[in-house]
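In our numbering, each number is its position in the sequence shown, counted from 1, plus 197.
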Amino acid sequence: MEFRSFLIKYAEIGVKGKNRGIFEDALVRQIRNALKRCEGEFFVRRTRGRVYVEVLSETYDYEETVEGLKTVFGIAQICPMIELKDEGFDQLCEAVISYMGEAYPDKNLTFKVNTRRARKDYPMESMAVNSEIGGVLLDAYPEMKVDVHHPDVMLNIEIREKIYVYSIEISGPGGMPVGTNGKGMLLLSGGIDSPVAGWMIAKRGVKIDAVYFHAPPYTSDRAKQKVVDLARKVAKYSGPIWLHVINFTDIQLYIYEKCPHEELTIIMRRYMMRIAEQIAADTECLGLITGESIGQVASQTMQSLAATNEVCHMPVYRPLIGMDKQEIINIAERIDTYETSILPYEDCCTIFVAKHPVTKPNLNVIRKHEHNLDEKIGELVQTALDTKELIVVEA
């Protein structure tokens, strides 16, 4: 069976009241953007609380189209369907028999008919359509049985300006359409956590930009390419990502020279947050996003997080804060970032790590030791900002 139409169902958008149209329009835009990556030509429209995708070209790739739709935040379910003009009840009965015959070769199943009659001038009420269609199917396929409580197949019939028939419901990613909740700056590394954090915040409707701290020659071009590849995988869901690449080598070496080595990670992290916040402010982002999880490493204890938070004026969003590593890995595998994240190309966060990093930093001590950097750190930070590289990453 070749499906030429899809009903797109959403969840949270439906409770947005008078603002629902704004979110629906954003969802339609994101669907159109996702389908540009798919073979075929499509028409996306919304009407009366429904969003439809119609195939206009003679050929298209069904699997590719479904996979494309599964990357659009805001979609709860994708329903491939057949679309009929209202040419009488007999035509509807024939279409339903054909649909069930092709969609379910094994007829040893239970079913229920669920009709929604949005067009009230249709001559039959919903319950009557349910009863009549159910009888027609039982006559056509005697091995089928009706189960109104726990059916194997829920056959949906929607009577609108046209008649839509569907029973397959493919789960979408949920969430809110990207761009409906502002923009954030993701601190993106080559690890497992930060791409997942970016994906999770994008799922809440936030447009994502990113900053990556590169440390040549201690980190290779392959490490940088790894981060670009991770951004590209997240961009499948979030849309294009503006990736700001900061050369962090001189700053790290200066910290390494002037500060106690056990505090290197914390002080380095504080300067990363300062630089990321400056870029975020310049690009109209409303907050920073990190992949930190409490207690996962020395720089992510409660005391360490408090020390890095102190230098930020913007909110810092940490969507993984209460998750354990396996939970994060599960999401990374689902969004196809895990295999890239574990490639053995180290980034600057792993190169300059002390053997015994402080896990409970004292803020007064950290501030005191940062004064060791006063002579040159401002100049080094400004040079890093002035020489940053911008890469626009698209899926």
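Even glycine gets a Cβ: it sits at the ideal position worked out from N, Cα and C.
Buried is the label assigned to Asp390, since at least 16 other Cβ atoms lie within 10 Å of its Cβ. Tyr434 carries a helical assignment under DSSP once its states are collapsed to helix, strand and coil. Apart from the 5 residues on each side of it in sequence, Leu281 sits with its Cβ closer than 8 Å to the Cβ of Gln288, Leu289, Ala292, Lys359, Ile360, Tyr361 and Val362 in its chain, given in chain order. Only buried fits Ala592, as 16 or more other CB atoms lie within 10 angstroms of its CB. Counting along the chain, His411 sits inside the beta strand (DSSP E) bounded by residues Lys404 to His411. In the structure shown, Ile464 adopts helical secondary structure according to DSSP, grouped into three states.
With 16 or more other Cβ atoms inside 10 Å of its own Cβ, Phe308 counts as buried. When the Cα atoms are used, Lys430 and Gly331 turn out to be separated by approximately 45 Å. The beta carbons of Leu517 and Ser490 sit closer together than 8 Å. About 6 Å separates the beta carbon of Met373 from that of Gly271, a gap short enough to meet the 8 Å contact definition. For Ile219, the enclosing alpha helix (DSSP H) covers residues Arg217 to Leu232. The DSSP-derived three-state label of His568 is helix. CA-to-CA, the gap between Leu587 and Thr446 works out to about 17 Å. Counting the other Cβ atoms within 10 Å of the Cβ of Leu253 gives fewer than 16, which makes it exposed. A Cβ-Cβ separation of about 7 Å places Phe203 in contact with Tyr249 under the 8 Å criterion. Per DSSP, the continuous alpha helix (DSSP H) segment holding Asn327 begins and ends at Ser323 to Ala337. If only uninterrupted alpha helix (DSSP H) runs of at least 4 residues are considered, those enclosed by the segment 233 to 318 are 259 to 266 and 286 to 300. In the assembly as shown, Val442 is a buried residue. Its beta-carbon has 16 or more other beta-carbons within 10 Å. Annotation for Asn527: no beta strand (DSSP E) segment contains it, though the alpha helix (DSSP H) segment containing it runs Lys522 to Arg531. In the three-state reduction of the DSSP assignment, Gly381 falls in the strand class.
Counting only the Cα atoms, Asp406 lies some 9 Å from Val589. Its Cα nearest to that of Ile275, the residue Arg247 stands out among Asn561, Tyr535 and Arg247.
For Lys522, same chain residues with a beta-carbon under 6 Å away, outside a window of 5 residues either side, do not exist.
Remark: C-beta atoms of Met469 and Phe410 approach each other more closely than 8 Å. Residue environment for Thr256: exposed (fewer than 16 other C-beta atoms within 10 angstroms of its C-beta). By the Cβ criterion, the segment 394 to 406 is in contact with the segment 364 to 384, since at least three pairs of Cβ atoms, one from each stretch, lie closer than 8 Å.
Assigned with DSSP and collapsed to three states, Ile365 falls in coil, not helix or strand.
Pairwise C-beta distances place the segment 562 to 573 in contact with the segment 450 to 469, as three or more of them are shorter than 8 Å. Taken in chain order, the segment 493 to 523 contains no complete beta strand (DSSP E) segment of 3 residues or longer. Under the criterion of beta carbons closer than 8 Å, Asp533 and Gly387 do not qualify as touching, at roughly 15 Å.
Residue environment analysis places Gln579 among the exposed positions, since fewer than 16 neighbouring C-beta atoms fall within 10 angstroms of its C-beta. DSSP links Phe203 through a beta bridge to Val250 and Pro277. The continuous stretches of alpha helix (DSSP H) do not include Ile354, which lies in the beta strand (DSSP E) extending over residues Val350 to Ile356. Secondary structure at Leu582: helix, using DSSP grouped into helix, strand and coil.
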